[in-house]
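Residue numbers (my numbering): 98 to 536.
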């Protein structure tokens, strides 16, 4: 590892490769919202993706086909991890829970509750006995997957915890937080070993190297940091992204790290030399999560464009995509006025065209005159289905004036409050124009 503290990708004089999908690459209809997490099964044959649309999807990696859906969470799903046997997986969600899944049958085996806020990340121990979760209640929590019980609560971070990872031998745990620190913990008793400082702002993602001696972390400071866990010192900081970095992964042989973030670019780094190797372009929106396949030959990246991309690291090209690219606004909702610009906040969750599908929220086509909780194929809470609300100018105005938590209890709608009466009127006028007649 070089002694230089900051190594810049641009300074190496290497041009990034602009990579498109290979001929005949699959583009499969998948998530209806940001893809926040991706995990590869231990045998490398399947992947699971976690999304803002409250669901997880299981995919066949070779065939790039969809195998099953998992939709029991009551909030955005932020992370997923397979157990070592590949037959079970754990996910974490904005609903504050972890869920243990039977991957083959698709059912929930257990729901773990304890966090007082969203679960931002999950990890599974190498022996499959424990799960760890990072929460926005500033805690890291351990869970016994065999007994299906809660374990230790690890406290010490001063802000939301965004990431967590087990060491390769399962004896240590590493967490990263918005407080700009990483903490190394003993799994056996939940006690802290040391705190790593060096990030200028919040830490978004952490990962161990396979030998357990080093770690990498990324965050808001646009830098990939490499750490010695024996000394607690920063070995190098790698600079190349043009914006906050949200995800990082280390290859199975420990030679490479991949990072992705707000700039929509995946950067591949050589951890032995500290050199930038290659840039992968193709995502249309920020990248949240990355994962290498067990053989180290492929890299998966998941982003806000609702797509998981699969990259061939030997040939330097994209193999294909899982998911359908739907982040661009349909013609009917192009921003041509103040109401359209306000609706742009909602386009990730809702469609408005006759052929639009349900996404994280139900389609809004035919909204006016429709009873709340009545769109076919969308899973509503019982409270919303029985609310008796019929959508019209008055009720939509009340929804945004009071906020969904107050006006439609049980709604999955993210907090959206518009105190400005003029803005509400502009949004309602726009919705009346583009959503068509009630059916």
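For glycine and all other residues, C-beta sits at the position ideal for the given N, C-alpha and C.
Coil, strand or helix - residue i by DSSP
i	result
residue 436	helix
residue 108	The predicted position of residue 108 is uncertain, since its pLDDT is 33 and thus under 50; a value taken from the coordinates is nonetheless stated next. Reduced to three states, the DSSP call for residue 108 is helix.
residue 271	strand
residue 210	strand
residue 391	coil
residue 475	coil
residue 101	Its pLDDT being 36, under 50, residue 101 is placed unreliably by the model, and nothing is read from it.
residue 504	helix
residue 298	coil
residue 370	coil
residue 420	Caution applies to residue 420, whose pLDDT of 49 falls short of 50 and renders its modelled position unreliable; the value that the coordinates give is listed next. The answer is coil: DSSP assigns residue 420 none of H, G, I, E or B.
residue 379	coil
residue 279	strand
residue 141	coil
residue 352	coil
residue 115	Because residue 115 carries a pLDDT of 28, less than 50, the predicted location of this residue cannot be relied on, and no value is offered for it.
residue 152	coil
residue 331	strand
residue 223	coil
residue 160	coil
residue 124	Because the pLDDT at residue 124 is just 35, under 50, the model does not fix this residue reliably, and the value given afterwards should be weighed accordingly. If DSSP states are grouped into helix, strand and coil, residue 124 belongs with the strands.
residue 448	coil
residue 512	In this prediction, residue 512 scores a pLDDT of 48, lower than 50, which makes its location untrustworthy; no coordinate-derived value is stated.
residue 400	strand
residue 337	coil
residue 363	strand
residue 487	strand
residue 284	coil
For residue i, the first and last residue of its enclosing alpha helix (DSSP H)
i	result
residue 545	Past the boundaries of the shown model lies residue 545; the chain is included only from 98 to 536, so the question cannot be answered.
residue 531	518-531
residue 480	479-482
Candidates the options: closest to residue i by CA position
i	options	result
residue 297	291, 314 and 277	277
residue 226	504, 215, 235 and 182	182
residue 465	486, 482, 400 and 475	486
residue 290	252, 308 and 323	252
residue 354	370, 326 and 340	370
residue 274	300, 242 and 162	300
residue 350	380, 340, 361 and 390	390
residue 517	495, 317, 250 and 160	495
residue 247	368, 208 and 525	208
residue 520	148, 266 and 437	437
residue 524	460, 434 and 470	434
residue 189	347, 146, 479 and 164	146
residue 331	295, 340 and 361	295
residue 164	177, 127 and 175	127
residue 453	293, 532 and 527	532
residue 336	310, 347, 326 and 366	366
residue 408	382, 401, 362 and 449	362
residue 222	266, 160, 254 and 372	266
residue 326	272, 458 and 373	272
residue 305	491, 194, 261 and 342	261
Nearest-angstrom Cβ-Cβ length linking residue i and residue j, presumed shorter than 8 angstroms
i	j	result
residue 455	residue 472	7 angstroms
residue 279	residue 314	6 angstroms
residue 217	residue 233	6 angstroms
residue 192	residue 172	4 angstroms
residue 211	residue 238	6 angstroms
residue 328	residue 344	In fact, because the Cβ distance is near 26 angstroms, the residues do not count as touching under 8 angstroms.
residue 135	residue 405	6 angstroms
residue 263	residue 231	With a Cβ gap of about 12 angstroms, residue 263 and residue 231 do not count as contacting.
residue 129	residue 392	31 angstroms between Cβ atoms; not a contact.
residue 323	residue 368	7 angstroms
residue 359	residue 376	Contact flag wrong, Cβ pair sits at about 14 angstroms.
residue 220	residue 178	6 angstroms
residue 249	residue 214	Residue 249 to residue 214, Cβ: 18 angstroms. No contact.
residue 174	residue 152	7 angstroms
Start and end residues, beta strand (DSSP E) containing residue i
i	result
residue 133	132-137
residue 320	320-325
residue 186	185-190
residue 261	258-263
residue 306	Taken as a continuous stretch (DSSP letters only), residue 306 belongs to no beta strand (DSSP E), as it is neither H nor E.
residue 248	246-252
residue 464	Careful: residue 464 lies outside any beta strand (DSSP E) and carries neither H nor E.
residue 194	194-199
residue 176	174-179
residue 453	First-last for residue 453: undefined, no H or E at that position.
residue 346	342-347
residue 38	Residue 38 cannot be examined here, being either before or after the span of the chain that is shown, 98 to 536.
residue 236	236-241
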